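If you read the protein sequences in the order shown, they are chains A and B. Mapping of the first sequence onto this note's numbering: position 20 corresponds to residue 369, and the numbering continues sequentially without gaps. Mapping of the second sequence onto this note's numbering: position 36 corresponds to residue 49, and the numbering continues sequentially without gaps. Glycine is no exception: its CB is placed at the ideal position from the N, C-alpha and C atoms. In this text the structure is predicted, and so the values were computed from the model without any measurement. Read the structure below first, then the notes.
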Amino acid sequence: DSGVTQTPKHLITATGQRVTLRCSPRSGDLSVYWYQQSLDQGLQFLIQYYNGEERAKGNILERFSAQQFPDLHSELNLSSLELGDSALYFCASSVRDNNQPQHFGDGTRLSIL
Amino acid sequence: DQQVKQNSPSLSVQEGRISILNCDYTNSMFDYFLWYKKYPAEGPTFLISISSIKDKNEDGRFTVFLNKSAKHLSLHIVPSQPGDSAVYFCAASAQGQTGANNLFFGTGTRLTVIP
Numbered sequence: 350d351s352g353v354t355q356t357p358k359h360l361i362t363a364t365g366q367r368v369t370l371r372c373s374p375r376s377g378d379l380s381v382y383w384y385q386q387s388l389d390q391g392l393q394f395l396i397q398y399y400n401g402e403e404r405a406k407g408n409i410l411e412r413f414s415a416q417q418f419p420d421l422h423s424e425l426n427l428s429s430l431e432l433g434d435s436a437l438y439f440c441a442s443s444v445r446d447n448n449q450p451q452h453f454g455d456g457t458r459l460s461i462l
Numbered sequence: 014d015q016q017v018k019q020n021s022p023s024l025s026v027q028e029g030r031i032s033i034l035n036c037d038y039t040n041s042m043f044d045y046f047l048w049y050k051k052y053p054a055e056g057p058t059f060l061i062s063i064s065s066i067k068d069k070n071e072d073g074r075f076t077v078f079l080n081k082s083a084k085h086l087s088l089h090i091v092p093s094q095p096g097d098s099a100v101y102f103c104a105a106s107a108q109g110q111t112g113a114n115n116l117f118f119g120t121g122t123r124l125t126v127i128p
């Protein structure tokens with residue numbers, strides 16, 4: 350158990366819909382990261398927050414947004430969903446934002462029908 | 014553009030022998046490297062890391078070697094155990110250059126340890 354909690358574990362929805370994925374970091378971790386793992390690709394970085402502020406952005410679509418709340422949990426919002434958004438979405442956390450290992454949750458599997 | 018590459022999709026090793034997993038990278042700005050292990054239906058589990066100022070880091074049965082001139086790192090597992098069977102991911106970040114700690118992942122190597 351990494352200590353990172355992601356909910357829900359599975360999400361099935363239709364094209365055009367909007368969903369919210371939730372992540373609770375390990376106790377004491379200030380930095381939260383979101384990654385996407387599609388069927389034919391490895392883990393791709395989406396966005397990082399550190400202590401409530403956006404720190405880095407990867408190839409995150411404009412239809413996607415995220416935030417980190419004062420209690421340090423984070424939410425990833427995906428809107429106008431397309432079939433290609435079907436993927437595993439992982440959240441990770443680390444104590445700070447310098448060279449420290451990131452610890453991953455078990456992911457949310459999003460299926461778009 | 015895949016900046017971190019694991020060219021061997023799979024590897025089979027006898028129990029008790031050494032497992033060597035390899036990883037190559039193209040971005041010379043990477044300064045922190047990690048190995049993760051992943052079981053089905055679980056998230057990646059951190060195994061071991063190494064900073065670019067070192068060329069070796071050891072933790073129990075796991076040793077990571079970094080060759081900066083060749084842009085290559087490897088993970089040695091000695092002795093290999095059946096419980097080590099999983100997919101192993103190499104990852105890297107360029108925090109010192111970019112200020113961001115986001116990881117670039119390889120595509121993984123599936124290790125099977127045969128009892």
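Measure from the alpha carbon of A:Leu430 to the alpha carbon of each residue in A:Thr354, A:Phe418 and A:Thr369, then state which is nearest. Taking the first sequence and counting its residues from 1, the one referred to as residue 430 of chain A is at position 81. The shortest Cα separation from A:Leu430 among A:Thr354, A:Phe418 and A:Thr369 belongs to A:Thr369.
Identified DSSP bridge partners for A:Phe453: As a first step, residue 453 of chain A must be located in the first sequence, where it is residue number 104. Per the DSSP secondary-structure output, A:Phe453 pairs in a beta bridge with A:Ala441.
For B:Thr58, which of A:Phe418, A:Ser435, A:Ala415 and A:Cys440 has the nearest alpha-carbon? Counting from 1 along the second sequence, the entry for residue 58 of chain B is found at position 45. Sorting A:Phe418, A:Ser435, A:Ala415 and A:Cys440 by C-alpha distance to the C-alpha of B:Thr58 places A:Cys440 at the top.
Return the CA-CA distance between B:Val91 and B:Pro128, expressed in angstroms with no decimal places. Locating residue 91 of chain B in the second sequence gives position 78, counting from the first residue. Locating residue 128 of chain B in the second sequence gives position 115, counting from the first residue. The straight-line gap from Cα to Cα measures roughly 14 Å.
Helix, strand or coil at A:Leu462 [DSSP, three-state]: Counting from 1 along the first sequence, the entry for residue 462 of chain A is found at position 113. DSSP places A:Leu462 in coil when its eight states are reduced to three.
Can you tell which of A:Thr362, A:Ile361, A:Gly352 and A:Arg371 has its C-alpha closest to the C-alpha of A:His422? In the first sequence, residue 422 of chain A corresponds to position 73, counting from 1. Of the candidates A:Thr362, A:Ile361, A:Gly352 and A:Arg371, the residue whose Cα lies closest to the Cα of A:His422 is A:Arg371.
Exposed or buried, what is A:Thr457 when buried is set at 16 or more other beta-carbons lying within 10 Å of its beta-carbon? Taking the first sequence and counting its residues from 1, one reaches residue 457 of chain A at position 108. With 16 or more Cβ atoms within 10 Å of its Cβ, A:Thr457 is classed as buried.
Do A:Val353 and A:Phe453 have their C-beta atoms closer together than 8 Å? Your numbering for residue 353 of chain A matches position 4 in the first sequence. Your numbering for residue 453 of chain A matches position 104 in the first sequence. The answer is yes: Cβ separation under 8 Å.
Would you check if there are 3 or more beta carbon pairs closer than 8 Å linking the region 440 to 451 of chain A to the region 82 to 90 of chain B? No, the region 440 to 451 of chain A does not touch the region 82 to 90 of chain B.
Neighbour-count burial assignment, B:Thr122, 16 or more Cβ in a 10 Å radius: Taking the first residue of the second sequence as 1, we reach residue 122 of chain B at position 109. The residue in question, B:Thr122, is buried, as its Cβ has 16 or more Cβ neighbours within 10 Å.
Shorter than 8 Å from the beta carbon of B:Asn70 to some beta carbon of chain A? For this step, residue 70 of chain B is matched to residue 57 along the second sequence. False, the Cβ-Cβ gap to chain A never drops below 8 Å.
At the level of alpha carbons, what is the spacing between B:Tyr52 and B:Phe78? Along the second sequence, read from residue 1 onward, the residue named residue 52 of chain B stands at position 39. Along the second sequence, read from residue 1 onward, the residue named residue 78 of chain B stands at position 65. Linking B:Tyr52 to B:Phe78 through their CA atoms gives a straight-line distance of about 23 Å.
Note down the Cα distance separating A:Ser443 from A:Asp378, rounded to an integer number of angstroms. Mapped onto the first sequence, residue 443 of chain A falls at position 94. Mapped onto the first sequence, residue 378 of chain A falls at position 29. For A:Ser443 and A:Asp378, the distance between alpha carbons rounds to 5 Å.
Spatial distance of A:Asp434 from A:Ile396 (CA atoms): Your numbering for residue 434 of chain A matches position 85 in the first sequence. Your numbering for residue 396 of chain A matches position 47 in the first sequence. Cα-Cα distance, rounded: 16 Å.
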